[in-house]
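Here the structure is laid out as structure tokens; the discussion comes afterwards.
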Amino acid sequence: MPLSLVFIFGIPAALTVLGLFVRTSRPLGIAHNAGYLSVLCAAGILFKEVLFQGPCVVRDFLYVDVLSAFFILVTAVISFAASLYSTGYVKKDTGEGVISEQKARVYYTLFNLFCFSMFFCPALNNLGLLWVAVEMTTLVSAFLVGFYNKKESVEAAWKYIIICSVGIIFALLGTILFAYAYSLTGAKTLAWTDMMALAQGLDPRVLKIAFIFILVGYGTKAGLAPMHTWLPDAHSQAVAPISALLSGVLLKTAFYAILRFGMILIKAGELAYFSHLMMFFGLISLVISCGFILVQKDVKRLLAYSSIEHIGLVAVSFGLATPLAFAAGLFHVFNHAVTKAFMFFGAGNIVHAYKKRNMNSIKGVMRLLPFTGVMTLLGVFALGGFPPFSVFASEFLVLAAAFANGSYAVGGCLLLFLGLVFAAFLHHFAKMLYGHLPKGAQAQGEPLSGKAAFIFLFILMLAAGAAFAFVKEDALWITKKLFQI
Amino acid sequence: MQTLILFLILISTYLMTSAKRVPALVRSFQYQSFGLFLATLIEAAREGSPGLYAIAALVFILKVSLIPRVLLAVARKIKANEDLGLLINPQLSLFMALTLTYVSWIFAGQLVSSGGEGKTMLAIAFFVVLAGLFLMIFRMTALAQVIGLCVMENGLFLLAASISGGMPFFVEIAIFFDVLVSVLIMGFFVYRINRLFTHIDVDKLTRLKG
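Following this line, the structure appears as structure tokens:
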């Protein structure tokens, strides 16, 4: 096993164990930040290695190609930012007596387990174990959704665990059908590499039925409408750094699983079928989320619906079925993760300071929390797809791919919905950010680690778009090779 | 023999769809799991593979004894009304279950071209999955939903055995572990819901909207 992989799996596991022994949460927070920074470095090194030296295989168990390394990198970026942000957030909660010191330790332990399971998903070769790992992420994060143990949060956790478990049962059904399609050729396997090697010989009729179950199953977890109903509840009730992880990474992990099966389907010669299904679910997600965003009152639910919108956009870009669109979709996965985590941190600070979520009763954020206010405003523009931020770059590429492909109707729809959502976001956030301070409130300072998380993500938001312009041709080439289209 | 066991599984599933109280539902679930255990045991004896024996033992330990006990313990502990919160009455439920059986038969025909035992097994497996889903949708207490999920998982176990000759040993073990953990966690949440809301009717969990 390469050293970088050892670090990526070892550090979250070691931190989990550490959480059982260290009594106070403060040194734990510092250990966290250092740990996840090294995980981030390791993920970067792994990505580079895989890019230049080809896939890294550990027996039959792990298989890390560019796609896996990319998703591991996204997970590492967001978990580092979330761990930075957690330090200040948990400190404030324990300081105000919302949670006890004991519970803060539980939080760190669960956080590590959650990250560990998410690092594991993209690296597994066996599709059955991939299923187990994805289910594990649900089980661990259910506790983090229900963390505050209030009526709302327990309700959200229950919906989350039940809906995602049922969804994922369908994914297992699909996985079994994929195995069945393979067993028709005379051998038994659940390893992705084996299936991929024989993809052309598999019965496309069975694969097509199986892929529907996969898409419905993992699509539930990925937040594709109309299976998205757990998502706004869970995202709005979770602890703020966890909301960022849920939206930024968890959804993408499930989407990764869909892509893995999709790759087999594409190689079996069913690209059109794959793209039609993706397009269908993507557009439905865009329409539904847009409607809810327009009339939303709760700030964290607003961001949750925006996640559905963006996962829909990614699905649409895979539905366009051109190499440019695939590359743009993957690029958007990264950009959305970074930008949405940024926004959830902003919303987390606002909700923390005002102790309420209704956007109509929050006013004057710019004065109460000057740093968060400015950052949130920038984040709104970034998420809405304004240049020079990276979401602009990926959305632009998706649109370009749509028009180059001749899908004018799809491109038009995308433009319309993105425009509407951006207008709604400006409307909602302008009301909150400006206006008078509530009586008796005074400007507050913000913890340094929280600010560091904002700045880290902000630099990525600015840099990624520009960086992509330089590597666009290479990215296209890699995507073509990876998906074999 | 195989047919008899399949029959046991089928009948226990019908019993589940028409059960009105928690203990009855759990008992039927036990019968169903016992059927799975027997089927796996026979398969193990035929192939003489130690892996299959281990899986049969796990089915017995987890699904026939441990999970039903956990569920009954939770039900006792929360002292909740034993009613399952039927959204539609037992007669109609049974009728719908019969319809689902027919749908599964059609589906199995789509997937497997040859008739015979394989097709029957596949149809019953798919029916068990659908019945689990049916329980989750039309039974309004949190506990019934957990059982529905276990039933779906049982169906998948049967499905994997029927069409792809079972999953690899370690995947099967991982899935068992996963199911056990999820039942424990869900039991924990049922307990918590009961403490916070003083009931476990999921149709009354309506605080989060929009």
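Protein chains in written order, with our numbering: chain Z, 755 to 1239; chain P, 46 to 255. All C-beta atoms in this analysis are idealised placements derived from N, C-alpha and C, irrespective of residue type, glycine included.
Is P/Y186 helix, strand or coil by DSSP?
-> The displayed chain sequence assigns Thr, not Tyr, to residue 186 of chain P. Correct three-state label for P/T186: strand.
Which bits of chain P does Z/G900 rub up against, with CB to CB less than 8 angstroms?
-> The contacting residues are F234 and R237.
Validate contact between the region 881 to 891 of chain Z and the region 783 to 790 of chain Z using beta carbons, cut 8 angstroms, 3 pairs = Contact between the region 881 to 891 of chain Z and the region 783 to 790 of chain Z is absent, because fewer than three Cβ pairs lie under 8 angstroms.
Residue range of the alpha helix (DSSP H) that Z/L1241 falls in?
-> Residue 1241 of chain Z lies beyond the range of chain Z shown here (755 to 1239); nothing can be said about it.
Residue(s) in a DSSP beta bridge with P/Y236 = Paired residue(s): none; P/Y236 is not in a bridge.
Output, in chain order, the set of chain Z residues within a Cβ distance shorter than 8 angstroms of P/I230.
-> L893, A896, F897 and I915, listed in chain order.
Taking Z/V1164 and Z/I1104 to be in contact with their CB atoms under 8 angstroms, please state how far apart those CB atoms are, rounded to whole angstroms.
-> The Cβ separation is near 35 angstroms, so there is no contact.
Taking 8 angstroms as the CB-CB cut-off, is P/V174 touching chain Z?
-> The beta-carbon of P/V174 is placed less than 8 angstroms from the nearest beta-carbon of chain Z.
Buried or exposed: P/E217, going by 16 or more other Cβ atoms within 10 Å of its Cβ?
-> Note on P/E217: 16 or more other CB atoms within 10 angstroms of its CB, so buried under the neighbour-count rule.
Would you mind stating whether Z/N1006 and Z/V1087 have Cβ atoms separated by less than 8 angstroms?
-> The amino acid occupying residue 1006 of chain Z in the given sequence is Lys; Asn does not appear at that position. Yes, Cβ-Cβ distance for Z/K1006 and Z/V1087 is below 8 angstroms.
Three-way DSSP call (helix, strand, coil) for Z/N1112 in this model = Z/N1112 falls in the strand class under three-state DSSP.
Note down, in chain order, every chain Z residue with its Cβ under 8 angstroms from the Cβ of P/A219.
-> At a beta-carbon threshold of 8 angstroms, the residues of chain Z lying near P/A219 are G882, L883 and V886, ordered along the chain.
Please list the partners that P/P269 has in chain Z, where partner means a Cβ-to-Cβ separation under 9 angstroms.
-> Lying before the first or after the last residue shown, residue 269 of chain P is absent from chain P, which here runs from 46 to 255.
Hey, quick one: how far does the beta strand (DSSP E) through Z/Y817 stretch, first residue to last?
-> Start and end: L816 to V818.
Identify the continuous beta strand (DSSP E) that holds P/V109 and give its terminal residues.
-> Here P/V109 belongs to no beta strand (DSSP E), and DSSP marks it neither H nor E.
Within this structure, are the beta carbons of Z/K1109 and Z/L1057 separated by less than 8 angstroms?
-> Result no, Cβ atoms of Z/K1109 and Z/L1057 do not sit closer than 8 angstroms.
How should Z/P1251 be labelled, buried or exposed, when 16 other C-beta atoms within 10 angstroms of its C-beta is the threshold for buried?
-> What the structure shows of chain Z is the stretch from 755 to 1239, and residue 1251 of chain Z is not part of that stretch, so it cannot be assessed.
Z/V852: first and last residue of the uninterrupted alpha helix (DSSP H) it sits in | No alpha helix (DSSP H) holds Z/V852; DSSP gives it neither H nor E.
Starting from Z/V812, trace the beta strand (DSSP E) both ways and give me its first and last residue.
-> Start and end: C810 to V812.
Select from Z/D948, Z/I930 and Z/T778 the residue whose C-alpha is nearest the C-alpha of Z/G971.
-> For the residues Z/D948, Z/I930 and Z/T778, the minimum Cα distance to Z/G971 belongs to Z/I930.
Any idea what DSSP makes of Z/N787, helix, strand or coil?
-> Helix.
The region 921 to 943 of chain Z: positions lying closer than 7 angstroms to chain P by Cβ | Here the close residues are I923, L926, L927, I930, A933, Y934, S937 and K942.
Reduced DSSP secondary structure (H/G/I, E/B, other) of Z/D957 | Three-state result, Z/D957: coil.
In this structure, does DSSP put P/N199 in helix, strand or coil?
-> In the structure shown, P/N199 adopts helical secondary structure according to DSSP, grouped into three states.
In whole angstroms, what is the alpha-carbon distance linking Z/G926 and Z/G851?
-> The identity of residue 926 of chain Z in the sequence shown is Leu, whereas the question assumes Gly. Distance between the alpha carbons of Z/L926 and Z/G851 is about 42 angstroms.
Backbone CA spacing between P/R121 and P/P113 [nearest angstrom] | Rounded to the nearest whole angstrom, the CA to CA distance from P/R121 to P/P113 is 12 angstroms.
Using a cut-off of 8 angstroms between C-beta atoms, extract the partners of Z/R1014 located in chain P.
-> Result: empty, since nearest Cβ-Cβ is about 16 angstroms, beyond 8 angstroms.
May I ask you to list, following chain order, the residues of the region 1090 to 1121 of chain Z that have a beta carbon less than 7 angstroms from some beta carbon of chain P?
-> Here the close residues number zero.
Going by beta carbon distance, what residues of the same chain come within less than 7 angstroms of Z/K1185, once the five residues before and after it are set aside?
-> Within the same chain, Z/K1185 has close Cβ partners M1113.
Counterpart residues of Z/R777 in DSSP-defined beta bridges = DSSP, once it has assigned bridges, lists no residue as partnering Z/R777.
Chain Z contact for P/G210 (CB, 8 angstroms cutoff) | Residue-level contact check: P/G210 touches chain Z, since one or more beta carbons of chain Z fall below 8 angstroms from its beta carbon.
Per DSSP, which one or two residues make a beta bridge with Z/L878?
-> In the DSSP output, where bridge partners are listed per residue, Z/L878 has Z/L816.
Within chain P, partners of Z/A718 - CB distance below 8 angstroms | For residue 718 of chain Z there is no data in the structure shown, the boundaries of chain Z being 755 and 1239.
Determine whether the Cβ of Z/S919 lies closer than 8 angstroms to any Cβ atom of chain P.
-> Residue-level contact by beta carbon holds for Z/S919 and chain P, with a gap shorter than 8 angstroms.
Since P/M185 meets chain Z, which of its residues come closer than 8 angstroms, beta carbon to beta carbon?
-> Under a criterion of Cβ atoms nearer than 8 angstroms, no residue of chain Z is adjacent to P/M185; the nearest Cβ is some 12 angstroms distant.
Apart from the five residues on each side of it in sequence, which residues of its chain come closer than 8 angstroms, Cβ to Cβ, to P/L145?
-> In the same chain as P/L145, and ignoring 5 residues on each side of it, the C-beta atoms closer than 8 angstroms to its own belong to F172, L175, A176 and F179, in chain order.
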